[in-house]
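The structure under discussion appears below in the form of C-alpha cells.
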Amino acid sequence: MSHPHPARDCILCGRCLDVCPVFLVSGKEELSPKAKHQLMAALRSNPQLLEALPARLLADKCVSCGRCEKACPQGLSVPAALGALRAEHAGWPQWLWQRWINGGNILWPAMATLGRMAPRLPAPAAARPLMEKLAAMHDTPPQPWFRMTAPAAGTQPPLRPVMLFSGCTARRIRPRWSSKATALLELAGIRPQPETAFTCCGATLEHAGLPDAARQARHANITAWHNAGRPLLVTFCATCAHGLHGYARHEELWHETPPDSAALWTQSVVPLSVFLQKFPVQVLDTAPEWFRYHQPCHAPAQHDPDAALLYAMAAQTPAAAAHGRRIRPAGMTTRQCCGMGGVMQLAAPSLCGMVNAACWQALDSLCPAQDNACPPPVVTGCSGCTLQLSGTAPEHVAVHHWLDVLTV
8 MSHPHPARDC ILCGRCLDVC PVFLVSGKEE LSPKAKHQLM AALRSNPQLL
58 EALPARLLAD KCVSCGRCEK ACPQGLSVPA ALGALRAEHA GWPQWLWQRW
108 INGGNILWPA MATLGRMAPR LPAPAAARPL MEKLAAMHDT PPQPWFRMTA
158 PAAGTQPPLR PVMLFSGCTA RRIRPRWSSK ATALLELAGI RPQPETAFTC
208 CGATLEHAGL PDAARQARHA NITAWHNAGR PLLVTFCATC AHGLHGYARH
258 EELWHETPPD SAALWTQSVV PLSVFLQKFP VQVLDTAPEW FRYHQPCHAP
308 AQHDPDAALL YAMAAQTPAA AAHGRRIRPA GMTTRQCCGM GGVMQLAAPS
358 LCGMVNAACW QALDSLCPAQ DNACPPPVVT GCSGCTLQLS GTAPEHVAVH
408 HWLDVLTV
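Numbering (this note's numbering), first residue to last: 8 to 415.
Here it is, written out as C-alpha cells:
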C-alpha cells in the first residue's frame, strides 16, 4: 500500500482533533485524523490486518475538507492518504462517483430538470434528503443585492491573457455564474478568452480513490492551459482554486512541459474576487438587512478574498442607510464544514448529515435574537457548498453563491 505521507510522521500532537468535522460531531477518536494515520502505519507493515470491507468503512469516514493538513505541523493529509486506501479497496461508491463526475455533462442537467419537480413529488421520509438535493440543483436566479460599476480610470488590467476556470457546477447547471464572471471582468477592461477543454479539477476524483481519473483530468486541464498560451486562470469556486493549486506537487504531470510550467501554473490560479476588490458598489433595495457568510473549508482561513470582497461591498452603505437598512456581515462568518463530503455522500450519508447539521447550528448561532423569525440569507464562495447548503437549508432561508448577489 502506497501513501502520499508516511504515517510514522504523525507526532500524535492532537491538533487535528480540534478541526476535524467528523471527530467533532461523532466524538469517536478512532475516526480522527490522528487515529487514521496510526492505523495506516500499521497496515504498511501488516496489510492483511484490513480486509476490503473494513478498509472501505474506514475510508468512508472522511469529508475531504483538508482541515487536518492545515492544522498538522507535519503537513499530513488524511484525504490524500484515504484516497490511496479507497483506490486499493474500491467499491460501488467509487464506480458511481466516477460516472457522476465524468458523465456530469448529461447527468447533472437531467437531475436539475428533475429537481424542478422534486418539491412536488411524493416521497418517503428516507428519500427526502435526496429530493432536497435535487431541488437545489434546479436554478432559480435570485434578485441581486449589489450593483458593481467600472473602477476608476487608470486601473491597469493584467498583462497576461485571462481565461475562466468555471468548474463543474457552473459549466453544467449554473452557466449564468460564468456569464456574470465574464461581465465583471469586462467591466474591469479584461476580456477573457473563451473557456474551452477544461474538465473537473481532479481533487474530488483523487479523494474518492480514483487516481487514474484524477490524473487524466489534471493532464487535460494542463494541456488546455498550454494550448491557450498559459493564461491566468480565474476561478470563483474555493474548492476548484484549492484543487488547481495542488497540481504543482504532482511531478509526473510536468515531465513533458517547459521547466517553469509548474510554478507558473500555481501563480496563474487567481480568485475572481481579487479583481473586484476596488469596484464601486451600489447597494440595491433588494439587499437584506443582514447576511451570513459561510467560509468554505478550502478557502484561505486568514485572507479569504471572497469574504474580503463581501465585507468591502457591505461597508459601502450610503444607499442602504438611506433606505433604513443594516448590512453588517463583519463577524457574521462561520467556518464549519457544510458536510458535502464528495463520495462520502454515497458511502456514509448519515455522517455527512451530522456534519451538515453542525454547520447549520453554527450558522444559526450568528442570527441576532430579533431575526429568529426571519433568518438572514447565507452567502458562500464554493460551488459545492452552495448546492449542499441550498439542499439542506431550513425553510425560508436562502443560500447564494456570492456571484448571485451581484449585478453590473
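Built from N, CA and C at the ideal position, the CB exists for glycine as well.
| Item | Value |
| --- | --- |
| Just to confirm, are residue 40 and residue 75 a CB contact at a threshold of 8 Å? | yes |
| What's the C-alpha gap between residue 87 and residue 159? | 45 Å |
| Which value, in whole angstroms, describes the spacing of the CA atoms of residue 289 and residue 153? | 6 Å |
| Expressed to the nearest angstrom, what Euclidean distance is found between the alpha-carbon atoms of residue 38 and residue 178? | 35 Å |
| If you count every other CB in all the chains shown that lies within 10 Å of the CB of residue 331, and 16 or more means buried, which is it? | No answer about residue 331 holds up, because its pLDDT of 48 lies below 50 and its placement is not dependable. |
| Hey, would you say residue 203 sits closer than 8 Å to residue 231, going by beta carbons? | yes |
| Measure the beta-carbon distance from residue 353 to residue 33 and round it to whole angstroms, keeping in mind my assumption that it falls under 8 Å. | Going by Cβ atoms, the distance from residue 353 to residue 33 rounds to 18 Å, so no, they are not a contact pair. |
| Which same chain residues end up closer than 7 Å to residue 392 when comparing Cβ atoms and leaving out the 5 residues on each side of it in sequence? | 301, 303, 345 and 347 |
| Within the chosen definition, does the stretch 217-226 reach the stretch 140-154 through at least 3 CB pairs nearer than 8 Å? | no |
| Checking 8 Å against the spacing of the C-beta atoms, do residue 141 and residue 114 come in under that value? | no |
| Check whether the stretch 312-323 touches the stretch 275-293, counting contact only when three or more Cβ pairs, one atom from each stretch, lie closer than 8 Å. | yes |
| Between which two residues does the beta strand (DSSP E) containing residue 254 stretch? | That residue, residue 254, is in no beta strand (DSSP E); it is neither H nor E in DSSP. |
| For residue 19, count neighbouring Cβ atoms within 10 angstroms of its own Cβ and tell me buried if that reaches 16, exposed if not. | exposed |
| In chain order, what residues of the same chain lie with their CB nearer than 7 Å to the CB of residue 396, ignoring the 5 residues before and after it? | 301, 345, 385, 387 and 406 |
| For the alpha helix (DSSP H) holding residue 47, just list the boundary residues, first then last. | 40-52 |
| Could you give the DSSP three-state label for residue 22: helix, strand or coil? | helix |
| Grab the span of the beta strand (DSSP E) containing residue 289 for me, first residue to last. | 288-290 |
| Taking the beta carbon of residue 401 as the centre, do at least 16 other beta carbons fall within 10 Å, making it buried, or is it exposed? | exposed |
| Quick check: the Cα distance between residue 296 and residue 94, rounded to an integer number of angstroms? | 48 Å |
| Give the range of the beta strand (DSSP E) segment to which residue 385 is assigned. | 385-387 |
| Roughly how many angstroms separate the alpha carbons of residue 89 and residue 214, rounded to a whole number? | 7 Å |
| Among residues of its own chain, excluding the 5 on either side of residue 189, which ones have a beta-carbon nearer than 8 Å to its beta-carbon? | 171 and 199 |
| Less than 6 Å between C-beta atoms, sequence neighbours within five positions excluded: which residues of the same chain meet that for residue 109? | none |
| Roughly how many angstroms lie between the CA atoms of residue 326 and residue 409, to the nearest whole one? | Caution is warranted here: a pLDDT of 46 is assigned to residue 326, below 50, making its placement in the model unreliable, and the coordinate value is therefore given only provisionally. Approximately 20 Å between the Cα atoms of the pair. |
| Where does the unbroken alpha helix (DSSP H) through residue 350 begin, and where does it stop? | Element bounds for residue 350: n/a, residue is neither H nor E. |
| Would you identify the three-state DSSP class for residue 147, choosing helix, strand or coil? | coil |
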